[in-house]
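Worksheet: the structure to be examined is printed underneath.
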Amino acid sequence: MSTSFPPIYVLSVKTFTDRINHIQNELKKHNLQFEFIFNYDVYDIDEKTDKQFFLKDSNLSPAAKSITLKHITAWRNAVLNNYKQILVFEDDVVLNKNFTKNLTKLLEEIKKIPQEYLVFLGGADTKVPKEFFLSHSILYELNMPTAEGYITDLPAIQKRLAWLESNKIYLPADHATVKIDNDCRIKQYWVRQPLITQGSVFGLFPTTLDKSRSQKSPILNRLIFEWKKLKRRTLPQTFYNITGIFRKK
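Residue numbers (this note's numbering): 148 to 396.
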């Protein structure tokens, strides 16, 4: 594991060789060490595990259950190793060019917030409230929309695992984590400038979970992603930056 950053877990599937090669190359570019989580591929989920974690009528697909169990495995490993923080990636993430520099700044900012947190690292194409653009802080308190990359601490992980001892999951991994954290009063934050992008969102990989994107070509998914990023983040931020200049005058 990296000595300067939290331990990194990458959630993947043993047969996803293209994604495995991608994430290995991606993290190597930034000199980051990591550990794969290959537990609970679809065909490794037995009936006992299914009943232990998921509601009978959840309607979750085997792939959705698999990725959820991989997140849980990362949390369990953090407890077993007594890691104070962990960084969790799904295997299709693309790190921004200045990832390590920005992560160093982010970790310093995280020291200023209370324990029991999750910091979401993506969201470049996701709609956010007006207050997000007006904030000058690196971190903004808001529930994450997806779970492709985040930092979380040991006290938060322990609360999630305790929740799982008496509750069952009926939502996909991202929404389930938001549900658990809301129930446990764990605060979730966004980084105002995303550190990662999800490759399956902009067409780098076919998605195994999103039926809407799976029916479109990679080129179309890329165009949709770029349009959403422009419409939802770039243009609003530019607008509020300009209006902020006039308000100061």
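Ideal Cβ positions, reconstructed from N, Cα and C, are used throughout, including at glycine.
Could you check what DSSP says for residue i in three-state terms: helix, strand or coil?
i, result
"residue 295", "coil"
"residue 160", "coil"
"residue 260", "coil"
"residue 213", "helix"
"residue 325", "helix"
"residue 276", "coil"
"residue 207", "coil"
"residue 192", "coil"
"residue 283", "coil"
"residue 271", "coil"
"residue 152", "coil"
"residue 166", "helix"
Per DSSP, what are the beta-bridge partners of residue i in this structure?
i, result
"residue 300", "232"
"residue 336", "266, 288"
"residue 179", "For residue 179, which the question treats as bridged, DSSP gives no partner whatsoever."
"residue 241", "344"
"residue 201", "316"
"residue 184", "158"
How close, in whole Å, do the beta carbons of residue i and residue j come, if the pair is a contact with beta carbons under 8 angstroms?
i, j, result
"residue 374", "residue 304", "Their Cβ separation, rounded to whole angstroms, is 36 angstroms, which puts residue 374 and residue 304 out of contact at 8 angstroms."
"residue 280", "residue 383", "6 angstroms"
"residue 230", "residue 184", "So it is not a contact: roughly 14 angstroms between Cβ atoms."
"residue 170", "residue 232", "Rounded, the Cβ-Cβ distance is 20 angstroms, inconsistent with contact."
"residue 250", "residue 163", "Their Cβ separation, rounded to whole angstroms, is 25 angstroms, which puts residue 250 and residue 163 out of contact at 8 angstroms."
"residue 271", "residue 376", "5 angstroms"
"residue 275", "residue 345", "Not a contact, Cβ separation roughly 16 angstroms."
"residue 173", "residue 242", "6 angstroms"
Decide if residue i is buried, meaning its Cβ has at least 16 other Cβ atoms within 10 Å, or exposed.
i, result
"residue 341", "buried"
"residue 166", "buried"
"residue 236", "buried"
"residue 332", "exposed"
"residue 386", "exposed"
"residue 219", "buried"
"residue 263", "buried"
"residue 295", "buried"
"residue 309", "exposed"
"residue 324", "buried"
"residue 159", "buried"
"residue 161", "exposed"
"residue 198", "exposed"
Notebook entry, point to check: With a cut-off of 8 angstroms, do at least 3 Cβ pairs link the segment 307-321 to the segment 243-250?
Noted result: no
Next item on the list: For the segment 334-343 and the segment 291-306, state whether three or more C-beta atom pairs, one from each stretch, are separated by less than 8 angstroms.
Entry: yes
Margin query: Across the segment 210-218 and the segment 192-202, are there enough close Cβ pairs to call them in contact, namely three or more that are closer than 8 angstroms?
Written below: yes
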